[in-house]
C-alpha cells in the first residue's frame, strides 16, 4: 500500500487507515485479529481507535493483538480523547487534568508506552484552547505521544488551534466526515487544513455504507441500516440527492469493472489534502473489498463527473466576491 506524509510532518502512514469503532462490540476479538492481519498484510500501517469506542473495549482488544500477532513497531497507533465521560473531576473534556488522565487510561488499555497519533475527539467550549494545547505539548515532551491531531473540528476551530499550537506539538491531522455524500468540509475545513499543513483523515468515506449501493433496493437485514443502534446513522444519507450520487457511482463502477465501494473510496482517497480514509468493516470480507480500492485510480473524466454530481453550494465569503 502506498505511503503518504501526514500533513507537514515526518510521519508516513498508509493511504488507508483501519477503523476499529466496532471492536469489542459487534466485532469480537477473533474477527478483529483477522482484520488486523489482513490490513497489515496488505501494507496498511495506520490503525485508528478512541477511548470512547465500546467504553474502552476497542482499545483493549487492539492492545491485546499488538506484540504477539502484529509487531507494535509495524503499526502507527492512533487514538483519541475528550469524548469519554466518567464520574469525577477528571472525567472527560479537554482540560489538562482530563486529557492527561485519558492519556494514561489509553496507554494502559493499549498496553503500550506511547501513542503515535493522539487526537482531540471534539472541540470543548468550556476549556481555554491554550490549556488544551499545553496538555498536548506536555504529552509530546513526556515521550508518551509522538504526534497530535484533532477530530470533528470546524474550519475556525481548526485554524484557531493550529495557529496557537506550539512548534513542539503542532497539529498534523484532522479527522472529519468526508465522502461523496458529505462534502461540507470543502467549504472551510479543507482550506484551513491546507493553509496550516494539516492532513485530512476522512471518516465514513463510504457515506456510512450508503455509497456501496447496498441500500438501493431496500435495507439488508444484516446491515447497519437494519440495526436499532445505527439506523439513524445510516438514514442521514438516504436522501434523493444521495440516490443520484449512488447511481453515478454504480455507473462508474460498471464502466471500470470494479465495485461502487472501490470507486467511492478511491474518489475521497485522492481528494486534495486527504492522507488516508478511515475504513471500518463488519468482517474481514468487507475489509478485503475496501482494500481493492488500492488497485484503482479514477480516470479524470469519471472523477470530474463524480465531482459535479456531488457538488455542494459554496457561497460568500468562501467563494470570494
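In full-length UniProt numbering, the protein residues as written are 1 to 321.
Yeah, the Cβ is synthetic: ideal placement off N, Cα and C, and Gly gets one too.
The model shown is predicted, which means the values in this text are computed figures rather than measured ones.
Report the partner residues of residue 48 according to the DSSP bridge assignment.
DSSP, once it has assigned bridges, lists 19 and 78 as partnering residue 48.
Just confirm the distance between the C-beta atoms of residue 175 and residue 82, as a whole number of angstroms; I'd bet it's less than 8 Å.
That belief does not hold up - the Cβ atoms of residue 175 and residue 82 are roughly 12 Å apart, past 8 Å.
Express the C-alpha separation of residue 78 and residue 197 in angstroms, rounding to a whole number.
The alpha-carbon atoms of residue 197 and residue 78 are separated by roughly 19 Å.
Pick from 191, 212, 115 and 127: whose alpha carbon is nearest that of residue 141?
That would be 115, whose Cα lies nearest to the Cα of residue 141.
For residue 276 versus residue 16, is the C-beta distance shorter than 7 Å?
Cβ atoms of residue 276 and residue 16: closer than 7 Å.
Shortest alpha-carbon distance to residue 59 belongs to which of 39, 25 and 1?
Per the Cα distances, 25.
Would you say the segment 64-78 touches the segment 115-128, given that touching needs at least three Cβ pairs under 8 Å?
The segment 64-78 is in contact with the segment 115-128.
Can you tell me where the alpha helix (DSSP H) holding residue 109 begins and where it ends?
Start and end: 96-110.
Which residue from 11, 131 and 199 puts its Cα closest to that of residue 100?
Taking only the C-alpha atoms, the option nearest residue 100 is 131.
Which stretch, first to last residue, makes up the alpha helix (DSSP H) that contains residue 240?
Per DSSP, residue 240 belongs to the alpha helix (DSSP H) from 240-256.
What would DSSP say about residue 298, mapped onto helix, strand or coil?
If DSSP states are grouped into helix, strand and coil, residue 298 belongs with coil.
State the Cα-Cα distance for the pair residue 109 and residue 51, rounded to the nearest angstrom.
Each residue's Cα considered, the two are about 9 Å apart.
State the DSSP-derived secondary structure class of residue 226, mapped to helix, strand or coil.
Bear in mind that the predicted position of residue 226 carries a pLDDT of just 47, short of 50, making it too unreliable to give a figure here.
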